[in-house]
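With the first letter of the sequence shown counted as 1, position 41 gets the number 62 in this note's numbering; the numbers rise by one all the way through. Structure record follows, encoded as structure tokens.
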Amino acid sequence: MPKASEIKKNSAVEYEGRAYFVKDIERSVPQGRAGGSLYRMRMYDVVTGNKIDETFKDSDMLNLADLVRRPATFSYSDGDEYVFMDSEDFTQYSLNRESIAEELLFISEDTEGLMVILVSDAPVALGLPPTVDLEIVETDPSIKGGSATARTKPATLSTGLVIQVPEHISTGDRIKVNVEERRFLGRV
């Protein structure tokens, strides 16, 4: 049973008899408190998708929910439903666009390392690899000698995500992106 301070983003916890998916964590240290840090967690009910914000002391104990992670690949989208296929037993899992809107910014047809997260055999979320390879569809023209400076420019990727890239990168390049920091890592 981990303490609140040990809970990470994208963990699943049991709270008040329900399973919640932790999407965001803010740590604060109130002035003049000898007790320690407070952790404000934005959590989504894995079944209904309802959002709650709760604050925990760093010593509060939380139960981790029983999660199963299955390797999967993106199969197709049907309206607002996105279908992923289990890489091992070929089971199909449908996830609603709303519940995975953030993750869709990092997924293309050939993204590898995806995980469908199941709670009680029902798909509730999508786990992303630490880095993804995406193609730049729009950016300012590259500048010769631009690799000598640390200046950056915005680039729109094939998924709609916009990140900052070095000036020497051009439209059509495939780049590696750090998913958590939404940061350019290099050319592929």
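Glycine included, each C-beta is placed from N, C-alpha and C at the ideal position.
- [ ] Would you please verify whether the beta carbon of residue 183 is less than 8 Å from any beta carbon of chain B?
- [x] In the displayed structure, chain B is absent; only one protein chain is listed.
TODO: With residue 102 as the anchor, note down where its beta strand (DSSP E) starts and where it stops.
DONE: Position 81 of the sequence shown, counting from 1, holds the residue named residue 102. 102–107 is the span of the beta strand (DSSP E), which, as asked, contains residue 102.
Task: Simplified DSSP assignment, three categories, for residue 27 - done: Taking the sequence shown and counting its residues from 1, the one referred to as residue 27 is at position 6. Residue 27 falls in the helix class under three-state DSSP.
TODO: Compute the distance between the beta-carbons of residue 147 and residue 116, then report whether it is under 8 Å.
DONE: By 1-based counting over the sequence shown, the position of residue 147 is 126. By 1-based counting over the sequence shown, the position of residue 116 is 95. In contact: residue 147 and residue 116 (Cβ atoms closer than 8 Å).
TODO: Would you mind sorting residue 97 into buried or exposed? The rule is 16 or more other CB atoms within 10 Å of its CB.
DONE: Along the sequence shown, read from residue 1 onward, the residue named residue 97 stands at position 76. With fewer than 16 Cβ atoms within 10 Å of its Cβ, residue 97 is classed as exposed.
Task: residue 180 versus 132, 86, 91, 164, residue with shortest Cα-Cα distance - done: Here residue 180 refers to the residue found at position 159 when the sequence shown is read from its first residue. Nearest of 132, 86, 91, 164 to residue 180, Cα basis: 132.
Open item on the list: By the three-class DSSP mapping on this structure, what secondary structure does residue 35 have?
Closed with: If you number the sequence shown from 1, residue 35 lands on position 14. Residue 35 falls in the strand class under three-state DSSP.
Task: residue 155 versus residue 198 - alpha carbon distance - done: Mapped onto the sequence shown, residue 155 falls at position 134. Mapped onto the sequence shown, residue 198 falls at position 177. Spanning the two alpha carbons is a distance of roughly 7 Å.
- [ ] Taking 8 Å as the threshold, find out whether the stretch 99–111 comes into contact with the stretch 27–41 through three or more Cβ pairs.
- [x] no
Task: Per DSSP, the bridge partner or partners of residue 148 - done: Counted from its first residue, the sequence shown places residue 148 at position 127. Residue 148 pairs with 136.
Open item on the list: Which of the three DSSP states is assigned to residue 164 in this structure?
Closed with: Residue numbering aside, residue 164 sits at position 143 when the sequence shown is read from its first letter. Residue state, collapsed to three classes: coil.
Open item on the list: Buried or exposed for residue 47, going by 16 or more other Cβ atoms inside 10 Å?
Closed with: For the purposes of this step, residue 47 is taken as residue 26 along the sequence shown, with counting starting at 1. Looking at its Cβ environment, which holds fewer than 16 other Cβ atoms inside 10 Å, residue 47 is exposed.
Task: N- and C-terminal bounds of the alpha helix (DSSP H) containing residue 210 - done: This structure cannot settle anything about residue 210, because the visible part of the chain is limited to 22 through 209.
TODO: Output yes or no for whether 8 Å exceeds the beta carbon distance between residue 194 and residue 172.
DONE: By one-based count along the sequence shown, residue 194 stands at place 173. By one-based count along the sequence shown, residue 172 stands at place 151. Their beta carbons are not under 8 Å apart, which means residue 194 does not touch residue 172 by this criterion.
Task: residue 90 versus residue 137: straight-line alpha-carbon distance, rounded - done: Reading the sequence shown from its first residue, position 69 is the one you call residue 90. Reading the sequence shown from its first residue, position 116 is the one you call residue 137. Those two C-alpha atoms are separated by around 6 Å.
TODO: Count the other CB atoms, across all protein chains shown, that sit within 10 Å of the CB of residue 76; report buried if there are 16 or more and exposed otherwise.
DONE: The sequence position of residue 76 within the sequence shown is 55, counting from 1. Its Cβ having fewer than 16 others within 10 Å, residue 76 is exposed.
Open item on the list: Along the chain, where does the alpha helix (DSSP H) containing residue 176 start, and where does it finish?
Closed with: Within the sequence shown, the letter at position 155 stands for residue 176. It is not in any alpha helix (DSSP H) - residue 176 instead sits in the beta strand (DSSP E) that spans 173–178.
Open item on the list: Using C-beta distances below 6 Å, list every residue in its chain close to residue 67, excluding the 5 sequence neighbours before and after it, in chain order.
Closed with: Looking up residue 67 in the sequence shown gives position 46. Cβ within range, chain order: 40, 42, 140, 145.
Task: Residue(s) in a DSSP beta bridge with residue 90 - done: Looking up residue 90 in the sequence shown gives position 69. In the DSSP output, where bridge partners are listed per residue, residue 90 has 138.
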